[in-house]
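Line order of the protein sequences matches chains A and B. If you count the first sequence from 1, position 83 lands on 86 in our numbering, and the numbers rise without skipping. If you count the second sequence from 1, position 9 lands on 651 in our numbering, and the numbers rise without skipping. By construction, the Cβ of each residue, glycine as well, lies at the ideal position given by its N, Cα and C atoms. Below is one structure, written out as C-alpha cells; the observations come after it.
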Amino acid sequence: MIFYAALHVVESRFADDRVHNSTHAEREHFIKTSFRLLWQPYHRLQSESMKARYLQGGAFSMNSHAVDAELRRGKYNSLRRLLRT
Amino acid sequence: MVAGKSKTQPILIDGADNTPVVFTPVDFDRFVMSQREVLDAARSQEERNRRQQEVGEQFAALVYRVSQWCKDHPVLLCVACPRIDDLLIVVVASDEDPGGVLHDSLSDLDLEMFEKNRLRIAWLLLRASEASGLGAFVGGGHARTIFDANTKPAP
C-alpha cells in the first residue's frame, strides 16, 4: 500500500512536467535518469512491497511497527520531502 | 565478379559488382544472393558480434563490481536470475540493518550500474530471516551465484 501511494505521489509530480509513465520499467528509468535522489526511498518501498506480496510462508520479516517507522514515516515521508524541494 | 575459390586465395565480394553469389551449404538447398546482400549480411553479423561482446564485457564488469560490493557488506548470498525482460539480482544479507543503510547502499549500487551500462536490472534485498523465500523470486534452474559468503576463496 505504501509503495503504491508513493508511486502515485511521484507520478503526480511528474505530471507537472507532462510526463506519464505507464509501466514500472518506464517509471524506474525516468526516476533513475531525472530524479535520482528519489531512487533510494522509492526502491526501498518497492522492494518491501514485492516481498510482502510474494515471499511465501510468512517469511516477510518486517512487523507492523517497523513498516510504520521505517517505511511510512521514514522512506515515504522522505520521498515526499524530496519532491517538495 | 567473385574471384577464385582456391584455399589460398580469398573470395572477393564487391558491392558494385552485379554478379550473383551462389551458396552451397553442405546440408541445405543452394541459394543465391547479390554481392550487395552478402555485404549487408556480413555487416549485420559484425554488428551483432560487436554488441554481443559489448554486453558480455558489461556483464562481466557488473558481476565483478557486485561481488566486490557484497564482500564489503554483510552479505551472505547474491544470485542473478534472467527473467523475461530483465535480470533480477537478489542479495541475501544479515538481518541487522539500522535505518535501512544497507538497502540504501544497494540502491546506490543499482544507480551506479545503471549509469554504466543502462541494462535493465531489478535488485531485491532479502534479510537472512527471509531467505527461505528466495525460491519465490529465483528459480527454474537459471540462477547463477555471484557471491556466497560460505565459499572460501582459493588459497
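So, at 7 Å on beta carbons, what are the nonlocal neighbours of residue i in its own chain, with the 5 sequence-adjacent residues on each side left out?
i, result
"S747(B)", "H715"
"A769(B)", "Note that residue 769(B) corresponds to Arg in the displayed sequence, not to Ala. These residues qualify, in order along the chain: A735 and D737."
"S52(A)", "F6"
"A9(A)", "Y45, L48, Y79 and L82"
"V664(B)", "R672 and V674"
If you reduce the DSSP assignment to three classes, tell me which class residue i lands in.
i, result
"M675(B)", "strand"
"V664(B)", "strand"
"G77(A)", "helix"
"A97(A)", "The first residue shown for chain A is 4 and the last is 88, placing residue 97(A) beyond what the model contains."
"M643(B)", "Legend: pLDDT at M643(B) = 49, less than 50; position of this residue unreliable, value from coordinates given subsequently. Coil at M643(B), not helix or strand."
"Q651(B)", "coil"
"G657(B)", "coil"
"R47(A)", "helix"
"D20(A)", "coil"
"F38(A)", "coil"
"D682(B)", "helix"
"D71(A)", "helix"
"M4(A)", "coil"
"S25(A)", "coil"
Quick check on residue i: buried or exposed, where buried means 16 or more other Cβ atoms within 10 Å of its Cβ?
i, result
"G742(B)", "buried"
"Y706(B)", "exposed"
"G800(B)", "Chain B is shown from 643 up to 797; residue 800(B) falls before or after that span and cannot be answered."
"E699(B)", "exposed"
"S37(A)", "exposed"
"E772(B)", "buried"
"A764(B)", "buried"
"F779(B)", "buried"
"K54(A)", "buried"
"M755(B)", "buried"
"H745(B)", "buried"
"S798(B)", "Residue numbering for chain B in the displayed model covers 643 to 797; residue 798(B) lies beyond these limits and cannot be assessed."
"V708(B)", "buried"
"Q717(B)", "Here residue 717(B) is Val; the residue named in the question, Gln, does not match the sequence. V717(B) is buried by the Cβ-count criterion."
"V732(B)", "buried"
"S67(A)", "exposed"
Using C-beta distances below 8 Å, list every residue in its chain close to residue i, excluding the 5 sequence neighbours before and after it, in chain order.
i, result
"D727(B)", "R762"
"K713(B)", "F789"
"I34(A)", "V13, L41, W42 and Y45"
"L729(B)", "A722, C723, L761, R762, I763 and A764"
"T619(B)", "This structure cannot settle anything about residue 619(B), because the visible part of chain B is limited to 643 through 797."
Of all Cβ atoms in chain C, is any one closer than 7 Å to the Cβ of residue i?
i, result
"R769(B)", "You won't find chain C in this structure, because its protein chains are A and B."
Below 6 Å CB to CB, which residues in the same chain sit around residue i once its five sequence neighbours on both sides are set aside?
i, result
"L86(A)", "R16"
"Q710(B)", "none"
"H784(B)", "C723 and P724"
"P740(B)", "none"
Inter-stretch contact (C-beta, 8 Å, three-pair minimum) for the region 13–21 of chain A and the region 31–41 of chain A
yes
Beta strand (DSSP E) segments (min. 3 residues) lying fully within the region 713–797 of chain B
717–724, 729–735, 763–769 and 786–790
Specify whether the region 653–661 of chain B and the region 677–686 of chain B touch according to this definition: at least 3 beta carbon pairs, one from each stretch, less than 8 Å apart.
yes
Counting pairs of Cβ atoms below 8 Å between the region 53–67 of chain A and the region 22–30 of chain A, do you hit three or more?
no
Count the C-beta pairs between the region 749–757 of chain B and the region 72–82 of chain A that are closer than 8 Å, then say yes if the count reaches three, no if not.
no
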